[in-house]
Every structure is written in structure tokens, then in C-alpha cells.
Amino acid sequence: MNLRDRIGVDVGRKLSVEDAVQWAIENDVTYIDCQIDLEPNALETFDDARCGPIRERCLENGKHLGLHTLSAVNIAEVSPFVRDAVDDYLKAYVDASVRLNAGWIVVHAGYHFTTDVQRRMDAGLERLKQISGYAEERGAKILLENLNWEPEHAEVHYLAHTVKECLFYFNELNSPALAWSFTVNHATLVPEGINGFLDKMPVDRLEEVRLADNHGEFELHMFPGEGIIDFKDMFRRIEATGFTGHYMNAFGSLDDMLRGRDYLTKNCSP
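Below, the structure is given as C-alpha cells:
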């Protein structure tokens, strides 16, 4: 498969899943990501009756659907009752992915509030172990995404935004149902950068690369070529690892991401 066909589009919650699949068919996009938290994609509505036609439509047209959980849901939750709800939320995503025959579910490590880092990391690790085991039983695939750095004065900080924090999870999570989703613009916000992640992370577990540009100062999802990322070098280095998975544009509007696919294919192919 050529590079253009491997670059997908993160539809998020811009369209219903049904409309997202139709949009992918009309625009010759092979891979799409959808978030199924709220209407028109309320998580509880993805029963067999809704999922069956979506699954068949993707199969008939060679489209690969993935799901993307909401980063605002704290996977590192420790409070009574709320922590049970987080478990239920992740299980519901896994169950929906099986009904949809979705190829992956992007998840996160959660966030902390400055003074409770280790407690939150330990809680998130245990929760990710449990959901990886559940995904393994159900035949689903979980992708843990490296999230973004927040300014030092911020009270809330995402976990798994540095190589060290990412390895805390990947060194302990050995399930074949869990792999890595690499968001390259997030990597520009920490000293190790894109190359540091590729040098130190388990690239044999890399299954998705999420694309956007960044100016390197704080979290943004910019059109490729408008920031500091050398995408040609990035593609070269990633492909050199033996990566054969998909890329996912995650910036701007749907039209922006289509234009971005053409820009990356024309100007940045390794």
C-alpha cells in the first residue's frame, strides 16, 4: 500500500460513524478514527442493530475504522464510584469495537494533579492492565497514545507524555492486545523530541502514527509545513523501523486533513 493510502483521517466527532464511513468512501480514505462518546455517536447506542450495517459497509468497501476514547476521561482515576465508571467506559469501548469490527481503540494514561503523580500512575497502570486483558479476551486491540506536555504552572498534567513515563506503562503492559499510537506533534513538546521517542520506545509495538505540525511551544494541531516538524525526515525514520501500519491526520477540518494528505504525499514521501 502506498503512503497516500496509508494516511487516514481522524474524523473524531465531526460526523456520525455512518456518515464518516460514507465520507471515507467518497474521498478514497482507507483509515478513519471516530470518537463514540456523545451524540450523534452516543456510546450506549452502539448495539448490534447499529453496528452491523456499519461493519458490513466497511468490509464491502475496504475501509478500516478505529475508535478514539476521550482524553478528558481520567484513566488514572482513584475516587470511589468514579473509578468503576472509568472501567465500565473502557469495557464499553471494547465491546463496541468488537461489534463494529474496529481495528483499534486509542486510549490514554490519564492525568494527575501535580502532587499525586505516583498514585495516579499506579492506578492507570492497573486499569490499563485490566482493559488490555479484557481486550485480549474479546479480540480487540488497544493503542496507548503519548499525550502532550502541559506548562509547568498548570495544575493538571497528562501522563505518558515523556519517553520515561511511556516506558513506565509499556515495560509492564505485555499483552499482545496493547500497542503504541505515536502522536508526533506531542513529541515536539519534550526535550527528547520525535527522534528520542523512536530511539527509546518499543517500535515493534508501533501500530499508528498520528500526524499534525506544532511550533514546539505548547500543544497545537497545525497543518503540516506550518510548524517545526521535518515530515520528510520523520517519515524516513519511521519507515526505517519497519513500520507498515497507518498514519492518521489529526488537525483542522476534514477538508484540511484531505489537503494535508496530498501535501504530505507530494512533498514528504521518504
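Following the numbering used here, the numbering of the sequence shown begins with 35 at its first residue and continues without gaps. In this text, a Cβ means the ideal position worked out from N, Cα and C, and glycines have one as well. Only a predicted model underlies this, so the values are computations on that prediction, with no experimental measurement involved.
Among the options, the one whose alpha carbon lies nearest that of residue i
i, options, result
"E241", "K48, D121 and I272", "I272"
"F216", "G173, R38 and L232", "L232"
"T149", "E160, H187, V128 and L124", "H187"
"F269", "L104, S303, D156 and D118", "S303"
"H142", "E184, G167, K234 and Y203", "Y203"
"T275", "M235, R244 and I59", "M235"
"T222", "S209, E184 and V237", "E184"
"G86", "F115, F285 and S131", "S131"
"L124", "R89, A213, T278 and L162", "L162"
"N219", "D39, N95, I263 and V237", "I263"
"A208", "L254, L72, H249 and R239", "A small correction: the amino acid at residue 208 is Asn; Ala does not occupy that position in the sequence shown. Of the listed residues, the one whose Cα sits closest to N208 is R239."
Short Cβ contact (7 Å threshold) for residue i with residue j
i, j, result
"H146", "R133", "no"
"Y127", "H280", "no"
"H195", "L181", "yes"
"A54", "V63", "no"
"L18", "G144", "Past the edges of the chain, shown from 35 to 304, lies residue 18, and the structure says nothing about it."
"F285", "F257", "yes"
"R244", "I41", "no"
Start-to-end residues for the alpha helix (DSSP H) that takes in residue i
i, result
"L93", "D82 to N95"
"N301", "L288 to C302"
"D121", "V116 to L134"
"A194", "Note, A194: premise wrong, no alpha helix (DSSP H); not H, not E."
"E242", "Note, E242: premise wrong, no alpha helix (DSSP H); beta strand (DSSP E) at L240 to L245."
Residues near residue i by beta carbon distance below 8 Å, same chain, minus five either side
i, result
"Q164", "D121"
"G259", "D247, F265, Y297 and N301"
"E199", "A143, M155 and L193"
Spatial neighbours of residue i in its chain, beta-carbon cut-off 7 Å, leaving aside the 5 residues before and after
i, result
"A211", "S166, A169, E170, A174, K175 and I176"
"G230", "V197"
"E206", "L159"
Distance between beta carbons of residue j and residue i, contact taken as under 8 Å
i, j, result
"I70", "L101", "6 Å"
"L99", "G137", "7 Å"
"L288", "K48", "6 Å"
"N283", "V107", "Contact doesn't hold; Cβ gap of about 23 Å is too wide."
"E179", "V140", "5 Å"
"T305", "L37", "Outside the shown range of the chain (35 to 304) lies residue 305, about which nothing can therefore be said."
"I88", "E52", "6 Å"
Beta-carbon proximity list for residue i, same chain, < 6 Å, skipping 5 on both sides
i, result
"R117", "E111"
"P74", "S50"
"A157", "A110 and V112"
First and last residue of the uninterrupted beta strand (DSSP E) at residue i
i, result
"N182", "Careful: N182 lies outside any beta strand (DSSP E) and carries neither H nor E."
"R47", "First-last for R47: undefined, no H or E at that position."
"N283", "H280 to N283"
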